[in-house]
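Participant: The structure under discussion is supplied below as structure tokens; questions concerning it will follow.
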Amino acid sequence: MQGENEEGTEIMPDEATNPPGDAEWELRLYVAGQTAKSITALANLKKYAEEHLQGKYQIEVIDLMQEPQRARADEIIAIPTLVRKLPEPIRKIIGDLSDKERVLVGLEVNERTSR
Amino acid sequence: MSDIPSDAKMNLPTVVKCPTGVAGLDEITFGGLPCGRPTLVAGNAGAGKTLLAIEFLVRGATQFGENGVFVSFEESPDELTKNVASLGFDLKTLEEENKLVIEHIRVERSEIEETGEYDLEGLFIRLGFAIDSVGAKRIALDTLESLFGGLPNEGILRAELRRLFRWLKNKGVTAVITAERGAEGTLTRHGLEEYVSDCVIVLDNRVIEQVATRRLRVVKYRGSEHGTNEYPFIIGDNGFNVLPITSIGLAHEVSSERISTGVADLDEMLDGKGYYRGSSILISGTAGTGKSSLAAAFARAACGRGEKALYVAYEEAPRQIIRNMRSISIDLQPCIEKDLLRIRSLRPTMYGLETHLTMFHKMVKDFAPSVVIIDPITNFITVGDNPEVKDMFIRLVDFLKAEGITTLFTSLTHGGRSQESTDVGISSIIDTWILVRDIEIGGERNRGLHILKSRGMPHSNQIREFIISKDGIKLVNASLGTEGVLTGSARLAQETKERAAALEREQEMESRRNALERRRQMKEAQIAAIEAEFAADEEEYERMATREDIRLKTVQEERDTMARSRKAEEEKN
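Chains A and B are the protein sequences, given in the same order.
The first sequence begins at 1 in the numbering used here and counts up by one.
The second sequence begins at 116 in the numbering used here and counts up by one.
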């Protein structure tokens, strides 16, 4: 499927901003189709990551509409859900990530990056 | 616009029902749960909600060809599989055969941070995926309320739940949703009944006087009639078992075969043939009236015919029963050795009523007896209150009758109460009722036996004296004197008295006969005397008459002689 939106807010399955594997921050965003909430969430996530975790992160977007079987692994029920796979332990943040402070607190970004 | 034909009304679409396969539940709901719709199962912790939900799916997959999805919000698939294995449900195999999916949804509040708008599309996707993977027609959600603890925004959750139930209906799956009972009489803690309004079932595990009894009630069933009572249920080794009184609808087979009571005299009182096979018999009486002896005699008679008998004793141990019965020459030992008789001693207080029922079911299924003896049923009063015991017994009798088993209960009546009122008031389900009573006369206690009722046969109306001796059981005609029924020594005394009286009467007759004879002789003597007197008189008279004649003749002759002589003188002159 070709992207029609040049701003890059369209969600591509398995979209990764960095090559997978060696990123310090491994983030997964679970969405279900092109809903407003999902689009907002991805946009927010990208923005915060660029601001605070530049170069150290990797985002994987999983569209459950296309890969419903993947919901089980990370115990997803709410959409959108952001899962911090790395650094451990796993953290989950649900919602469109519109509250920046809570997202950063939830991901423990400041705590970890200030060290 | 046009008039509806009268029979079209009859065919208006009614609720399509989906049989659960849970014993008894389909009878109460007249066919099962509403098909393609959600049913709410509410109950306290440990009431059996999860089990009911699982059984609904397992039966669906194994008996009705409807695959299922079990969505567990609490227990893990492993835990679940282990927990229900004891009920004979093999979830693992069902999963391998693609008949069942267990979807474990774990919501950990502490792991989740909420940051703005969200929905539960992920849950929908998972359910949809699970349903589609086995083509499920049934789904169970256990317990959906965990979401309330796991998700921070109740407003979103409620909106999503509403959507979930709509979605389930659109999917056309028959759903069972479990929920915790709420405090203060509310049906569920989080008001799930607001969303599920088609059918609501409440499970209850109540403890009354330290005995737990499980109950089930269909609170609501939209568009369908349903049994409204609280029905006790048991969780046995084959799953759920709801026990509606009408489960067999009195439609069991009826036998007209007769079987011996084990006591010839009692057979004779029952139209000479004994009990009907498959009937229920109650022997009630006060303590020590020989109820158990009659029961044992019946058991031995069954074994004598080569049939199996199950003797459930609530008072005595098996050995004790055998010893005691041997003393009245009812030897049960050979029956036990041939495995025709099993004696099970239980304590009524050891289990709840429904556990006793389960055990009966199990024992009967295992042993397949043709005769079951419960001695005595009265002890159950210590277990539950009266209506419950009655309920249980009606169910037990129903069950045994459906199996074609002849059942003999004994019941202990208390001295003060009316003999005819049994404690559990189960008269209506009893076919033959034998009353054994004490009769106290002249400083001793004897046993009298009579048949209070016996359906479908002419039976004796007599009170017989019931004698238990080392030679066995005998029923003798009680003595009916002027003072009423007499038994024991009083009867013997009465008999002696009667014999003496008879002798006396005979002697009196004899003496009267003698007297009469004497009178006759006297009469005859008198007649003879009178006749003799008369004869003497007659003779006397004859003699006198003859003498007179002679005298007259003599006088005439003298006169003639005189005349003749005078004439001669005159002539001379």
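Each residue gets a CB set at the ideal place from its N, CA and C atoms; glycine is no exception.
Please confirm if isoleucine 93 of chain A has its CB atom under 7 angstroms from at least one CB of chain B.
Facilitator: Interface residue, yes.
Participant: Only counting the same chain, and skipping five residues up and downstream in sequence, which positions put a Cβ closer than 7 angstroms to that of lysine 214 of chain B?
Facilitator: Answer for lysine 214 of chain B: Ala176, Asn182, Val249, listed in chain order.
Participant: Among the residues of its own chain, which have a CB less than 6 angstroms from the CB of isoleucine 363 of chain B, if the five just before and after it don't count?
Facilitator: Unreliable placement is indicated for isoleucine 363 of chain B, whose pLDDT of 49 sits below 50; the coordinate value is still reported in the next sentence. Excluding sequence neighbours, isoleucine 363 of chain B sits near Asp513, Ala517.
Participant: Taking contact to mean at least 3 C-beta pairs separated by less than 8 angstroms, is the stretch 144 to 156 of chain B in contact with the stretch 272 to 288 of chain B?
Facilitator: Yes, they touch.
Participant: Using DSSP with H/G/I as helix, E/B as strand and the rest coil, what is valine 591 of chain B?
Facilitator: Strand.
Participant: Between which two residues does the alpha helix (DSSP H) harbouring glutamine 448 of chain B extend?
Facilitator: Its alpha helix (DSSP H) spans residues 448 to 452.
Participant: According to the neighbour-count rule (16 or more other Cβ atoms, all chains shown, within 10 Å of its Cβ), is serine 395 of chain B buried or exposed?
Facilitator: Buried, by the Cβ-count rule.
Participant: Tell whether a beta-carbon distance below 7 angstroms holds between glycine 389 of chain B and threonine 376 of chain B.
Facilitator: It is a contact, given that the beta carbons lie within the stated cut-off.
Participant: Identify the contact partners of alanine 32 of chain A in chain C, using a Cβ-Cβ distance below 9 angstroms as the criterion.
Facilitator: In summary, chain C is missing from the structure at hand, where the protein chains are A and B.
Participant: Quick one: Cα of aspartate 96 of chain A to Cα of lysine 46 of chain A, how far?
Facilitator: Whole-angstrom Cα-Cα distance: 12 angstroms.
Participant: Report the option in B/Glu430, B/Ala411, B/Arg462 whose CA atom is closest to the CA atom of isoleucine 437 of chain B.
Facilitator: Out of B/Glu430, B/Ala411, B/Arg462, B/Ala411 has the C-alpha closest to the C-alpha of isoleucine 437 of chain B.
Participant: Below 8 angstroms on the Cβ atoms is my guess for valine 222 of chain B versus leucine 262 of chain B; work out the distance and round it to an integer in Å.
Facilitator: Correct: roughly 6 angstroms between the Cβ atoms.
Participant: Where do the ends of the beta strand (DSSP E) carrying lysine 56 of chain A lie?
Facilitator: Counting along the chain, lysine 56 of chain A falls outside any beta strand (DSSP E), and DSSP gives it neither H nor E.
Participant: Could you pull the DSSP bridge partners for cysteine 314 of chain B from this structure?
Facilitator: According to DSSP, cysteine 314 of chain B bridges with B/Thr154, B/Tyr336.
Participant: Go ahead and label asparagine 561 of chain B buried or exposed: buried means 16 or more other beta carbons lie within 10 angstroms of its beta carbon, across all protein chains shown.
Facilitator: Flag for asparagine 561 of chain B reads buried.
Participant: Tell me which residue opens and which closes the beta strand (DSSP E) that valine 486 of chain B is part of.
Facilitator: Looking at the DSSP string, the run of the beta strand (DSSP E) that includes valine 486 of chain B is 486 to 490.
Participant: Taking only the alpha-carbon atoms, compute the straight-line gap between glutamate 212 of chain B and methionine 572 of chain B and give it to the nearest angstrom.
Facilitator: Looking at the two C-alpha atoms, the distance is approximately 56 angstroms.
Participant: Give me, in chain order, the residues of the same chain whose beta-carbon lies closer than 6 angstroms to that of isoleucine 76 of chain A; leave out the 5 immediate sequence neighbours on both sides.
Facilitator: Cβ neighbours of isoleucine 76 of chain A beyond the five flanking positions: Tyr30.
Participant: Out of B/His219, B/Leu195, B/Leu409, B/Gln671, point me to the one whose CA is closest to leucine 259 of chain B's CA.
Facilitator: Selected option, being the one with the closest Cα: B/His219.
Participant: Roughly how many whole angstroms lie between the Cα atoms of methionine 677 of chain B and alanine 650 of chain B?
Facilitator: Going from the Cα of methionine 677 of chain B to the Cα of alanine 650 of chain B covers about 39 angstroms.
Participant: Could you pull the start and end residues of the alpha helix (DSSP H) that arginine 562 of chain B belongs to?
Facilitator: Careful: arginine 562 of chain B lies outside any alpha helix (DSSP H), inside the beta strand (DSSP E) at 559 to 569.
Participant: How long is the line joining the alpha carbons of phenylalanine 581 of chain B and leucine 564 of chain B, rounded to whole angstroms?
Facilitator: Approximately 6 angstroms between the Cα atoms of the pair.
Participant: Please confirm whether glutamate 228 of chain B and isoleucine 93 of chain A have their CB atoms less than 7 angstroms apart.
Facilitator: It is a contact, given that the beta carbons lie within the stated cut-off.
Participant: With 7 angstroms as the limit, tell me which residues of the stretch 217 to 232 of chain B have their beta carbon closer than that to any beta carbon of chain A; keep them in chain order.
Facilitator: Cβ contacts with chain A come from Ile220, Arg221, Val222, Glu226, Ile227, Glu228, Glu229, Thr230, Gly231, Glu232.
Participant: For phenylalanine 244 of chain B and chain A, any beta-carbon pair shorter than 7 angstroms?
Facilitator: At least one chain A Cβ lies under 7 angstroms of phenylalanine 244 of chain B.
Participant: Hey, quick one: how far does the alpha helix (DSSP H) through glutamate 142 of chain B stretch, first residue to last?
Facilitator: Run containing glutamate 142 of chain B: 140 to 143, per the alpha helix (DSSP H) assignment.
Participant: Roughly how many angstroms lie between the CA atoms of cysteine 418 of chain B and aspartate 193 of chain B, to the nearest whole one?
Facilitator: For cysteine 418 of chain B and aspartate 193 of chain B, the distance between alpha carbons rounds to 47 angstroms.
Participant: Along the stretch 266 to 283 of chain B, where does the CB come closer than 8 angstroms to a CB of chain A? Name the residues.
Facilitator: Listed by position, the residues of the stretch 266 to 283 of chain B near chain A (Cβ gap below 8 angstroms) are Leu266.
Participant: Quick one: list the residues of chain B neighbouring leucine 64 of chain A, beta-carbon separation under 7 angstroms, in chain order.
Facilitator: Under the 7 angstroms cutoff, chain B gives Gly237, Ile240.
Participant: In the DSSP output, which residue or residues are listed as bridge partners for threonine 521 of chain B?
Facilitator: Answer is B/Val486.
Participant: Just checking serine 395 of chain B against the ligand FMN - is the residue's beta carbon closer than 6 angstroms to any of the ligand's heavy atoms?
Facilitator: No copy of the ligand FMN occurs in the structure displayed, which carries no ligand at all.
Participant: Would you mind listing the alpha helix (DSSP H) stretches within the stretch 245 to 306 of chain B that are 4+ residues and don't spill past its ends, in chain order?
Facilitator: 261 to 265, 269 to 286, all fully within the stretch 245 to 306 of chain B.
Participant: Looking at the unbroken beta strand (DSSP E) that takes in lysine 85 of chain A, where does it start and where does it end?
Facilitator: It spans 81 to 86 - the beta strand (DSSP E) in which lysine 85 of chain A sits, taken as one unbroken run.
Participant: Pick helix, strand or coil for valine 216 of chain B, following the three-state DSSP scheme.
Facilitator: Here valine 216 of chain B sits in strand by DSSP.
Participant: Decide yes or no for the touch test of the stretch 70 to 90 of chain A against the stretch 226 to 242 of chain B: beta carbon pairs closer than 8 angstroms, at least 3 of them.
Facilitator: Touching, yes.
Participant: For the putative contact between alanine 41 of chain A and glycine 237 of chain B, defined by C-beta atoms under 8 angstroms, what is the C-beta separation to the nearest angstrom?
Facilitator: Contact doesn't hold; Cβ gap of about 13 angstroms is too wide.
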